[in-house]
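Q: For the protein sequence lines, the chains are A and B, in the order given. With the working numbering as the guide, the letters of the first sequence map in order to residues 16 to 128. With the working numbering as the guide, the letters of the second sequence map in order to residues 16 to 128. Idealized CB from N, CA, C, for every residue including glycine. Okay, here's the structure, questions in a sec.
Protein chains: 2
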Amino acid sequence: MVCRHYTDVPGIDVDMEGARSVTKRVLAGPDEGTPNFAMRLFEVGAGGRTPNHVHEWEHEVFVLEGEGVAESETGERRIGPGSTLYVPPGERHGFVNAGNGTLRFICVVPLIE
Amino acid sequence: MVCRHYTDVPGIDVDMEGARSVTKRVLAGPDEGTPNFAMRLFEVGAGGRTPNHVHEWEHEVFVLEGEGVAESETGERRIGPGSTLYVPPGERHGFVNAGNGTLRFICVVPLIE
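Spelled out as structure tokens, the structure:
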């Protein structure tokens with residue numbers, strides 16, 4: 016069992032077109048030997064956002080803190096602490112920080128990413 | 016995109032040998048069409064626990080609230096808000112509420128469960 020506080024997992028700046036003020040921590044992934052999927056924690060600073068993009072894998076998301084907007088080709092939704100999202104494979108999406116603090120969320124992806 | 020607050024997802028009492036005061040909400044799973052893994056939110060009441068058991072699939076866990084102990088054949092660890100765990104396939108484990116409030120955590124499993 017690997018057990019730690021998420022702040023003990025190093026954050027990596029997400030240097031991707033369309034990303035602004037985004038940090039990723041891989042809480043459980045290939046380095047821990049996970050066979051099927053990876054749990055990541057994202058932090059989006061005030062004024063920041065993740066890319067509005069599309070890919071062939073799903074997201075399962077849980078919002079921990081902050082206020083934001085989840086963009087999707089099916090419409091926009093306000094998100095905050097306790098929001099949970101499922102973004103199916105092939106659906107365009109992006110997450111925008113719409114508050115003054117950090118938007119912090121868990122996002123799980125299959126290892127086919 | 017499916018977007019909702021976790022409290023809008025019905026809770027199911029976990030009626031399993033060794034479980035005490037455990038409720039499960041499936042935030043994203045087969046009902047939402049997830050192809051690979053399911054995100055569940057567990058609530059363990061004061062004095063409660065999940066079964067100490069073993070199975071051939073992994074857990075990826077993030078603790079939202081409360082105080083507890085993660086039991087494993089590799090030792091016990093205190094857990095609280097922000098703790099993150101990876102329990103590999105085949106490792107015996109259980110989660111105990113060691114506080115006075117609800118122990119609330121996310122647990123992701125592959126759909127082979």
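For A:SER78 and B:VAL24, what's the separation of their Cα atoms in angstroms?
A: With the sequence shown as reference, residue 78 of chain A is identified as Val, and Ser is not the correct amino acid for it. Each residue's Cα considered, the two are about 15 angstroms apart.
Q: Can the beta-carbon of B:TYR21 be found less than 8 angstroms from the beta-carbon of B:LEU56?
A: yes
Q: How close, in whole Å, do the beta carbons of B:VAL123 and B:GLU75 come, if the pair is a contact with beta carbons under 8 angstroms?
A: 5 angstroms
Q: Quick check: the Cα distance between A:GLY26 and B:GLY95, rounded to an integer number of angstroms?
A: Their backbone Cα atoms lie some 20 angstroms apart in a straight line.
Q: Determine whether the Cβ of B:GLY114 lies closer than 8 angstroms to any Cβ atom of chain A.
A: no
Q: Which bits of chain E does B:THR49 rub up against, with CB to CB less than 9 angstroms?
A: The chain inventory of the structure shown lacks chain E, comprising the protein chains A and B.
Q: When DSSP labels each residue in this structure, what does A:GLU47 get in the three-state scheme?
A: It is helical.
Q: Do you know how far the Cα of A:ARG19 is from the Cα of B:PRO104?
A: 18 angstroms
Q: So is B:ASN115 buried or exposed if we call it buried at 16+ other beta carbons inside 10 Å?
A: Exposed, because fewer than 16 other Cβ atoms sit within 10 Å of the Cβ of B:ASN115.
Q: Using alpha carbons as the reference points, say which of B:ALA53, B:VAL111, B:PRO125 and B:GLY81 lies closest to B:GLY62.
A: Of B:ALA53, B:VAL111, B:PRO125 and B:GLY81, the residue nearest in Cα terms is B:VAL111.
Q: Would you say A:MET31 faces chain B, with C-beta separation under 8 angstroms as the test?
A: By this cut-off, A:MET31 is not an interface position.
Q: Measure the CB-CB distance between B:GLU82 and B:ALA113 and report whether it falls below 8 angstroms.
A: yes
Q: For A:ILE94, would you say it is in contact with chain B, using Cβ-to-Cβ distances shorter than 8 angstroms as the test?
A: yes
Q: Name the residue from A:ARG40, A:THR117, A:PRO45 and A:ARG64 whose alpha carbon lies nearest to the alpha carbon of A:GLU32.
A: A:ARG64
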